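Participant:
Protein chains: 2
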Amino acid sequence: MTRVSLIPVRPGGPGEPAAESERRDAARNRALLLRAARELVEEAGADGLTMASLAARAGVGKGTVFRRFGSRGGLMLALLSDAEAGFQGRFMFGPPPLGPGAPPLARLIAFGAERINWVLEYGELARAADASAHNRFDVPAAVLWHRHLEMLLREAGVTADPWLMAGALSVTLEPERILHSVRVHGVSPERLAESWRELVTRVVRGG
Amino acid sequence: MTRVSLIPVRPGGPGEPAAESERRDAARNRALLLRAARELVEEAGADGLTMASLAARAGVGKGTVFRRFGSRGGLMLALLSDAEAGFQGRFMFGPPPLGPGAPPLARLIAFGAERINWVLEYGELARAADASAHNRFDVPAAVLWHRHLEMLLREAGVTADPWLMAGALSVTLEPERILHSVRVHGVSPERLAESWRELVTRVVRGG
DNA sequence: AATGTAAACGGACTGCGGTCCGTTTCTTAT
DNA sequence: ATAAGAAACGGACCGCAGTCCGTTTACATT
Numbered sequence: 274m275t276r277v278s279l280i281p282v283r284p285g286g287p288g289e290p291a292a293e294s295e296r297r298d299a300a301r302n303r304a305l306l307l308r309a310a311r312e313l314v315e316e317a318g319a320d321g322l323t324m325a326s327l328a329a330r331a332g333v334g335k336g337t338v339f340r341r342f343g344s345r346g347g348l349m350l351a352l353l354s355d356a357e358a359g360f361q362g363r364f365m366f367g368p369p370p371l372g373p374g375a376p377p378l379a380r381l382i383a384f385g386a387e388r389i390n391w392v393l394e395y396g397e398l399a400r401a402a403d404a405s406a407h408n409r410f411d412v413p414a415a416v417l418w419h420r421h422l423e424m425l426l427r428e429a430g431v432t433a434d435p436w437l438m439a440g441a442l443s444v445t446l447e448p449e450r451i452l453h454s455v456r457v458h459g460v461s462p463e464r465l466a467e468s469w470r471e472l473v474t475r476v477v478r479g480g
Numbered sequence: 274m275t276r277v278s279l280i281p282v283r284p285g286g287p288g289e290p291a292a293e294s295e296r297r298d299a300a301r302n303r304a305l306l307l308r309a310a311r312e313l314v315e316e317a318g319a320d321g322l323t324m325a326s327l328a329a330r331a332g333v334g335k336g337t338v339f340r341r342f343g344s345r346g347g348l349m350l351a352l353l354s355d356a357e358a359g360f361q362g363r364f365m366f367g368p369p370p371l372g373p374g375a376p377p378l379a380r381l382i383a384f385g386a387e388r389i390n391w392v393l394e395y396g397e398l399a400r401a402a403d404a405s406a407h408n409r410f411d412v413p414a415a416v417l418w419h420r421h422l423e424m425l426l427r428e429a430g431v432t433a434d435p436w437l438m439a440g441a442l443s444v445t446l447e448p449e450r451i452l453h454s455v456r457v458h459g460v461s462p463e464r465l466a467e468s469w470r471e472l473v474t475r476v477v478r479g480g
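One line per chain: the protein sequences are A and B, in this order. Everything in the first sequence is counted per our numbering, starting at 274 for the first residue and increasing by one. Everything in the second sequence is counted per our numbering, starting at 274 for the first residue and increasing by one.
(1) From the DSSP output, in three-state form, read off F373 (chain A) for me.
(2) Beta-carbon within less than 8 Å of P462 (chain B)'s beta-carbon, same chain only, minus the 5 sequence neighbours each way: which residues are those?
(3) Relative to the ligand PLP, is the shortest distance from any of its heavy atoms to the C-beta of A379 (chain B) smaller than 7 Å?
(4) Are any of the Cβ atoms in chain A nearer than 8 Å to that of A433 (chain B)?
(5) Under a three-way DSSP split, which group does L313 (chain B) fall into?
(6) With a Cβ-Cβ cutoff of 8 Å, do M324 (chain B) and L398 (chain B) count as a contact?
(7) Using the beta-carbon of each residue, which ones in chain A are nearer than 7 Å to S344 (chain B)?
(8) From this set, A:R303, A:R297, A:L417, which residue's C-alpha is nearest G334 (chain A)'s C-alpha?
(9) For E483 (chain B) and chain A, any beta-carbon pair shorter than 8 Å?
(10) Does T445 (chain B) pass the burial test, meaning 16 or more other C-beta atoms within 10 Å, or should it be called exposed?
(11) Would the beta-carbon of F364 (chain A) fall within 8 Å of that of H421 (chain A)?
(12) Is the CB of E467 (chain B) under 8 Å away from at least one CB in chain A?
(13) State yes or no: is the beta carbon of R464 (chain A) nearer than 8 Å to at least one beta carbon in chain B?
(14) According to the Cβ coordinates, are L322 (chain A) and L313 (chain A) closer than 8 Å?
(15) Work out the CA separation of G362 (chain B) and G430 (chain B) for me, nearest whole Å.
(16) For chain B, find out if any of its Cβ atoms is closer than 8 Å to the Cβ of F410 (chain A); answer yes or no.
(17) Alpha carbons only, please: which of B:P370, B:T337, B:A401 is nearest the one belonging to E387 (chain B)?
(18) So T474 (chain A) is in the alpha helix (DSSP H); what residue range does that whole segment cover?
(19) Relative to the C-alpha of H458 (chain B), which residue among A:S405, A:A379, A:V416 is closest?
(20) Is V412 (chain B) helix, strand or coil by DSSP?
(21) Who are the near neighbours of V460 (chain A) in its chain, counting only those whose CB is closer than 8 Å to its CB and skipping five residues on each side?
(22) Measuring CB atoms only, is the stretch 398 to 412 of chain B touching the stretch 431 to 441 of chain A, in the sense that at least three cross pairs come out at less than 8 Å?
(23) The alpha helix (DSSP H) with A433 (chain A) in it runs from where to where?
(24) Residues of chain A with CB under 8 Å from L437 (chain B), in chain order?
Right, dumping it as structure tokens:
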């Protein structure tokens, strides 16, 4: 399964291949930090994790945390990495109707349903990752979904600016909105999925 | 023209009527602060305004700034108040096709076009207001657009969960996405408006 | 005018994300 | 083994949003 790298190895540069021999102490600290971060999220929720408390828990300096993950958002992205990769694998290579083999509209519908459930499980982390990320639309994972949606729209025969249309559909599934609907207004996941189905069906058929 | 109060008089309580006799010094400081805030935004942009610099410029203490506006977001909302009220007035009471009198689909299309232009003019403030506002969907203005879109959808004969559908359309027009499209990807306002037209047309006709 | 009191004031203080830079540790070459 | 250089480390430090609470000010009542 192909993996899109979510955390650049060097904070500054563009996404390099992740392997390239990391120094022993760096690797150890990364493991320490990820473990400590998961513990803290478990105990206090994503919002309850502070970079200082994480450093303390892992027994490293605060500078090390930022050297490793770049920012709070980067850390959250790292914590999400596996879940994100799983989701990507499912819609790109998994079984239909989510994966290839089903008609595009069916894949679109399945994509939304899958994403909604994903958000309900990992949304708090995703929200924390998005917050204070000026570039949430340019994160590799976001670009990938966008392209995927755009491709499905094209396959479904949508010729009217599929790039923007994919963007419109994409924001519809963002954690912020989904969690707000569910938590504040008590909307059920099924109702959200049904609404998504209506939306993409109309977008595809309306052409 | 009816005005929806955007800034609660008392930070804690729900939106009370704005009149209710404000103490003379409070009123003076509010005017001072708003004027200073506009100057600072003019000079350094919304992101360049800090609450401390605002307090200094207005010649008041920092506590006063927070007492008056509650938070940075509240201040930005206050700065947007007039622009927001103008927009509200236009889509609720203005001339068609934006205001009442035109068929619902035409009003929906006009709503998007108007909002896009609005965001291009005031978007930076709106973005600053949204950022770090955990409740951006519950801000009075947002609730109002949501209801408006929902109503238009119903009038247009959309029976499939108009509330959620209105929410989906609504996030599509958020400053974050619009500004990102324009500034990072060079999308023209016209192209955005056209895409919105396609979207709402399909949503309405697809039923 | 004097007085009581509720409201507003102001700035020191806290907590957080993020940066900086002198110090330490790993790795490689000799 | 050792020395040199690169990379990682760590915690003091900064700027900012937001809070707290002792002090001041405006208004109403007499």
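For glycine and all other residues, C-beta sits at the position ideal for the given N, C-alpha and C. Fair warning: this is a prediction, and the values are worked out from it, not measured in the lab.
Facilitator: Based on what the coordinates show:
(1) First, the amino acid is wrong: residue 373 (chain A) is Pro here, not Phe. Strand at P373 (chain A).
(2) I389, N390, L393, V455
(3) Among the ligands in the structure shown, none appear at all, so the ligand PLP cannot be discussed.
(4) yes
(5) helix
(6) no
(7) Near S344 (chain B) there are no residues of chain A at all, since even the closest Cβ is about 15 Å away, more than 7 Å.
(8) A:R303
(9) Nothing can be reported for residue 483 (chain B), as the shown portion of chain B is limited to 274 through 480.
(10) buried
(11) Yes. Within cutoff.
(12) yes
(13) yes
(14) yes
(15) 25 Å
(16) Using a Cβ-Cβ cut-off of 8 Å, F410 (chain A) counts as an interface residue toward chain B, since at least one Cβ of chain B sits closer than that to its own.
(17) B:P370
(18) 462 to 478
(19) A:V416
(20) coil
(21) For V460 (chain A), where only same-chain residues beyond five positions count, the Cβ hits under 8 Å are S454.
(22) no
(23) Premise fails: A433 (chain A) is in no alpha helix (DSSP H) and is neither H nor E.
(24) S454, V460, R464, L465, S468
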